[in-house]
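Beneath this line is the structure, given in structure tokens, with notes to follow.
There are 2 protein chains.
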Amino acid sequence: MDVLKQKILSEGKVLSDTVLKVDSFLNHQIDPVLMQEIGKEFAQRFKGFDITKILTLESSGIAPAVMTGLTLGVPVVFARKRKSLTLTDHLYSAEVYSFTKKESNEISISQDFISSEDTVLIMDDFLANGQAVFGMIDILNQAKARIAGIGIVIEKGFQEGGKKIRQQGYHVETLANIAKLSDGNVTFKKEETCI
Amino acid sequence: MDVLKQKILSEGKVLSDTVLKVDSFLNHQIDPVLMQEIGKEFAQRFKGFDITKILTLESSGIAPAVMTGLTLGVPVVFARKRKSLTLTDHLYSAEVYSFTKKESNEISISQDFISSEDTVLIMDDFLANGQAVFGMIDILNQAKARIAGIGIVIEKGFQEGGKKIRQQGYHVETLANIAKLSDGNVTFKKEETCI
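The structure is reproduced here in structure tokens:
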């Protein structure tokens, strides 16, 4: 997705060979117009998949997921990273380790909002090691929901997550797939559109 | 805002005289079409305020804020509830106590995204005791930004936050202001549109 890649090239900050900071439009400050474009792009790519719900993870997944849900005409459920007092039981949960934050979180959703009747699009802002996506797959398996595919805004294609997920047969759509981060530069892969 | 009030009446769950659960369309599952309507409503109410940025708080503030930002044509910044490893210093921070979660969090934003040049609309999903809004006011005062006003999706008008904030002279727009929660029923106040 060219407009996203241009934004990454102009505003992304390469902090190391593994860390790309996109806080100016996705992870801290959000560009709503770009999110709308991202939503339209995912809706186009997953058109005809009979999606009934989108599942994402707080917080940075919410904006692109809501814009995609708006275009597809389906609700978005965001998994929470810890239990709150108003969501105490009746949950599907999974353990997710964040390599960025070096901590483990339980992610969970209420059993009220995803069921075996649902065909779900999993979405997230970043895909690196795949921990968050595997956590969401785990949750959807508990709910016996069908997984339509996985929509990722930015994939770190040089890490293992995308490969592992595709090897398990999931359809992954990545809007900007990064081949390499080095010397302050971002090199993109060609877009992955195959299973 | 009638469509929101109808949604609260049909899907909200009154768990006690102080707790209203709206997990089916705002706080856990999100209704993107309703969020778009909410965004348009806030944009209409704050038209002419020369807003340059929206400040909200993760996670439930993000969806309504992004939709408002889309209509107003301005970026959204969401304050984070704890520091992450990629956002370690160069922050404006404030302490916020959550009565719902019975815990204190530090909320913070990067100094990169709000400055003394900005006129900011503060947004949040709920207003009860006002702790989160006062935290965001604190942050904006540190940044020397102008505060255009405060946009709240659901106000618990029977708690003190809204009164305290209005007494300090802030312009507060509330889309659904609740006078009372009792016996499973929600009673709304008239909408507050005055300073």
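Going down the list, the protein sequences come from chains A and B.
Heads up, the first sequence is in numbering that gives the first Met the number 0, so the first residue is 0 and it goes up one at a time.
Heads up, the second sequence is in numbering that gives the first Met the number 0, so the first residue is 0 and it goes up one at a time.
Cβ atoms here follow ideal geometry from the backbone N, Cα and C, with glycine treated the same way.
Values in this document were obtained by computation on a predicted structure and should not be read as measured data.
Checklist entry - According to DSSP, is Lys52(A) helix, strand or coil? => result Translated into positions along the first sequence, residue 52(A) becomes position 53. DSSP places Lys52(A) in strand when its eight states are reduced to three.
Item to check | Rounded separation between Lys188(A) and Glu116(A) - CA only | outcome: If you number the first sequence from 1, residue 188(A) lands on position 189. If you number the first sequence from 1, residue 116(A) lands on position 117. Going by the C-alpha atoms only, they are around 36 Å apart.
Checklist entry - Based on Cα-Cα distance, which residue from Val18(B), His170(B), Val2(B) lies nearest to Asn128(B)? => result Residue mapping note: residue 128(B) aligns to position 129 of the second sequence, counting from 1. Taking only the C-alpha atoms, the option nearest Asn128(B) is Val18(B).
Checklist entry - By Cβ distance, which residues of its chain are closer than 7 Å to Asn184(B), with the 5 residues on each side in sequence left out? => result For the purposes of this step, residue 184(B) is taken as the residue at position 185 of the second sequence. Taken in chain order, the residues that qualify are Val13.
Item to check | Span of the alpha helix (DSSP H) around Gln1(A) | outcome: Position 2 of the first sequence, counted from the start, is the residue given in the question as residue 1(A). The question names Gln, but residue 1(A) is Asp in the sequence shown. From DSSP, the alpha helix (DSSP H) with Asp1(A) extends over 1-10.
Item to check | Same chain, Cβ closer than 6 Å to Lys20(A), five either side skipped, listed in chain order | outcome: By one-based count along the first sequence, residue 20(A) stands at place 21. Counting only Cβ-Cβ distances below 6 Å, and skipping sequence neighbours, we find Lys12, Leu14.
Next on the checklist: Spatial neighbours of Thr192(B) within its chain, please: C-beta separation below 7 Å, excluding the five flanking residues on both sides.
Outcome noted: By one-based count along the second sequence, residue 192(B) stands at place 193. For Thr192(B), the pLDDT reaches just 49, beneath the cut-off of 50, and the residue's location in the model is therefore unreliable, although a value from the coordinates is still provided. Contacts found: Glu172.
Checklist entry - Among residues of its own chain, excluding the 5 on either side of Thr70(A), which ones have a beta-carbon nearer than 6 Å to its beta-carbon? => result For the purposes of this step, residue 70(A) is taken as the residue at position 71 of the first sequence. Hits under 6 Å: Gly38, Lys39, Ala42.
Checklist entry - Taking the alpha-carbon positions, what's the Lys4(B) to Ile113(B) distance? => result Numbered from 1 along the second sequence, position 5 holds the residue referred to as residue 4(B). Numbered from 1 along the second sequence, position 114 holds the residue referred to as residue 113(B). Straight-line Cα distance between these residues: approximately 33 Å.
Checklist entry - the stretch 19-49 of chain B: which residues have C-beta closer than 9 Å to a C-beta of chain A, in chain order? => result Of all residues in the stretch 19-49 of chain B, Lys20, Asp22, Ser23, Phe24, Asn26, His27, Gln28, Ile29, Asp30, Pro31, Val32, Met34, Gln35, Gly38 have a Cβ within less than 9 Å of some Cβ in chain A.
Item to check | Where Ala131(A) sits in the DSSP three-state scheme | outcome: Mapped onto the first sequence, residue 131(A) falls at position 132. Three-state DSSP puts Ala131(A) in a helix.
Next on the checklist: Determine, for Ile106(B), whether the minimum Cβ-Cβ distance to residues of chain A falls below 8 Å.
Outcome noted: Residue 106(B) sits at position 107 when you count from the first residue of the second sequence. Not one chain A Cβ lies under 8 Å of Ile106(B).
Checklist entry - If you drop the 5 nearest sequence neighbours on each side, which residues of the same chain put their C-beta closer than 6 Å to that of Gln141(A)? => result Counting from 1 along the first sequence, the entry for residue 141(A) is found at position 142. The beta carbon of Gln141(A) sits closer than 6 Å to those of Tyr91, all from its chain and outside the five residues before and after it, given in chain order.
Checklist entry - Distance, Cα to Cα, Gln158(B) vs Asp16(A)? => result Residue numbering aside, residue 158(B) sits at position 159 when the second sequence is read from its first letter. Residue numbering aside, residue 16(A) sits at position 17 when the first sequence is read from its first letter. Between Gln158(B) and Asp16(A), the C-alpha separation is close to 50 Å.
Next on the checklist: Just checking: is the beta-carbon of Ser83(A) within a distance shorter than 8 Å of some beta-carbon in chain B?
Outcome noted: Numbered from 1 along the first sequence, position 84 holds the residue referred to as residue 83(A). With a pLDDT of only 49 at Ser83(A), under the threshold of 50, the placement of this residue in the model should not be trusted; the figure read from the coordinates follows. So, interface residue.
Checklist entry - Taking Lys143(B) as the reference, which of Leu8(B), Ala62(B), Val119(B) has the closest Cα? => result The count along the second sequence starts at 1 and reaches residue 143(B) at position 144. If we check each option's Cα against that of Lys143(B), Val119(B) comes out closest.
Checklist entry - Beta-carbon separation of Met34(B) and Val65(A) under 8 Å? => result Here residue 34(B) is taken as the residue at index 35 of the second sequence, counted from 1. Here residue 65(A) is taken as the residue at index 66 of the first sequence, counted from 1. Taking a C-beta distance under 8 Å as the contact criterion, Met34(B) and Val65(A) qualify as a contact pair.
Checklist entry - By Cβ distance below 8 Å, which residues in the same chain neighbour Gln110(B) in space, the five residues on each side in sequence not counted? => result One-based indexing of the second sequence puts residue 110(B) at position 111. Sequence-distant Cβ neighbours of Gln110(B) in its own chain, meaning closer than 8 Å and more than five residues away, are His89, Leu90, Tyr91, Ala142.
Checklist entry - How many angstroms separate the CA atom of Ala78(B) from the CA atom of Phe133(B)? => result Mapped onto the second sequence, residue 78(B) falls at position 79. Mapped onto the second sequence, residue 133(B) falls at position 134. Taking C-alpha positions only, Ala78(B) is separated from Phe133(B) by approximately 13 Å.
Next on the checklist: Quick check for students: name the residue ranges of the alpha helix (DSSP H) that lie wholly in the stretch 91-134 of chain A, counting only runs of 4 or more.
Outcome noted: Taking only runs of at least 4 residues, no alpha helix (DSSP H) segment lies wholly in the stretch 91-134 of chain A.
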